[in-house]
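Beneath this line is the structure, given in structure tokens, with notes to follow.
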Amino acid sequence: MSAKSPGTFFAVVAIACLGHVQTHAIEPDTEDAVENSEQAWDLLDAYLTGVTTMRAQFRQILLDENQQIVQNAGGTLVLKRPGQFRWDYQDPYEQLILSDGTHLWLYDADLEQVTVKRLDDSLASTPAMLLSGDASMTEGFKLTEAGQYGEVFWMTLVPRNQETDFTAISLGFVDGQLQLMELEDSLDQLTRIILQEVERNPVLADDTFRFVPPEGSDVIGELPVAARDDQ
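With the numbering used here applied, the sequence shown covers 5 to 235.
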């Protein structure tokens, strides 16, 4: 995998853990575990129920199995439930990952390359759909850990789909607001997403999740009819 490509977001996933998920391990007290699990689901459900749209700045850091940074990227995240999101990577390279609700687009400006695929059930257990989907969280994920660590309440979710490229995702909430996402992938790499300047339910332009491949770009996959008409 190229250190240049933030396609980590969907290949490794599409979005981070500082060490293995054990970093946030909970003491094996059954009563606490049950209470923490209920609190975690309630917190996540309340957060997602209260968010129709979201906009934030993000910093994405990829660490290898030796905890060495191999990628440090940043940009802007916008999402609209259900099923629409866009990750605009602005540094160190200009790249885009966008879902318009029916298709997933990946655009690399330097390579002038666009990859497009239809959204399907295989994406239901990805972090992107975790935040922007409309299905019950319990359908795509099972909760394995939850607890308070300093000012951050952490919960760790494992995808029910065993064919995904990541093994766990941890979400960190501060005062009920999502600020951290941590993923561990099947290659023992860790991706951390730090959210800043988060806006909940901003008004978004109608074309926020519309993408038309730039003229001259190399397209991999079949363009939807609407995109072909726009060219």
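Beta carbons: idealized from backbone N, C-alpha and C, even for Gly.
Buried versus exposed, by CB contacts within 10 Å (16 or more), residue i
{"i": "I101", "result": "buried"}
{"i": "T195", "result": "buried"}
{"i": "L67", "result": "buried"}
{"i": "G144", "result": "buried"}
{"i": "Q72", "result": "exposed"}
Cβ-heavy atom distance, residue i to the ligand GDP, below 7 Å
{"i": "Q94", "result": "Looking for the ligand GDP in the displayed structure turns up nothing, as the structure carries no ligands at all."}
Residues of its chain near residue i, where Cβ-Cβ distance is below 6 Å and the 5 sequence neighbours each way are ignored
{"i": "Q117", "result": "D222"}
{"i": "R63", "result": "G78, I198"}
{"i": "R59", "result": "V82, E203, P206"}
{"i": "N40", "result": "A150, G151"}
{"i": "Y111", "result": "L100, V118"}
Presumed contact (8 Å Cβ cut-off) between residue i and residue j, rounded CB distance
{"i": "A50", "j": "M159", "result": "About 13 Å separates the two Cβ atoms, so there is no contact after all."}
{"i": "D189", "j": "T171", "result": "7 Å"}
Residue i versus residue j: straight-line alpha-carbon distance, rounded
{"i": "P218", "j": "D104", "result": "17 Å"}
{"i": "A209", "j": "L83", "result": "12 Å"}
{"i": "A113", "j": "R90", "result": "15 Å"}
{"i": "L147", "j": "Q61", "result": "27 Å"}
{"i": "T80", "j": "Q94", "result": "8 Å"}
{"i": "T57", "j": "N70", "result": "36 Å"}
{"i": "E201", "j": "R214", "result": "24 Å"}
{"i": "P228", "j": "P163", "result": "29 Å"}
{"i": "R85", "j": "Y97", "result": "27 Å"}
Residues of its chain near residue i, where Cβ-Cβ distance is below 8 Å and the 5 sequence neighbours each way are ignored
{"i": "A156", "result": "Per the sequence shown, residue 156 should be read as Val rather than Ala. G176, F177, V178, Q183, L184."}
{"i": "K121", "result": "H107, L108, G225"}
{"i": "Q166", "result": "none"}
{"i": "G180", "result": "L47, A50, Y51"}
{"i": "L123", "result": "G87, S103, G105, T106, H107, L108"}
{"i": "G220", "result": "E116"}
{"i": "L161", "result": "L134, M141, F145, K146, L147, T148, A172, I173, S174, L175"}
Beta-ladder partner(s) of residue i, from DSSP
{"i": "R59", "result": "V82, E203"}
{"i": "A172", "result": "E188"}
Sequence-distant residues of its chain with Cβ nearer than 7 Å to residue i (five each side left out)
{"i": "P32", "result": "For P32, the predicted structure reports a pLDDT of 35, less than 50, and the residue's modelled location is therefore unreliable. The matter cannot be settled from this model."}
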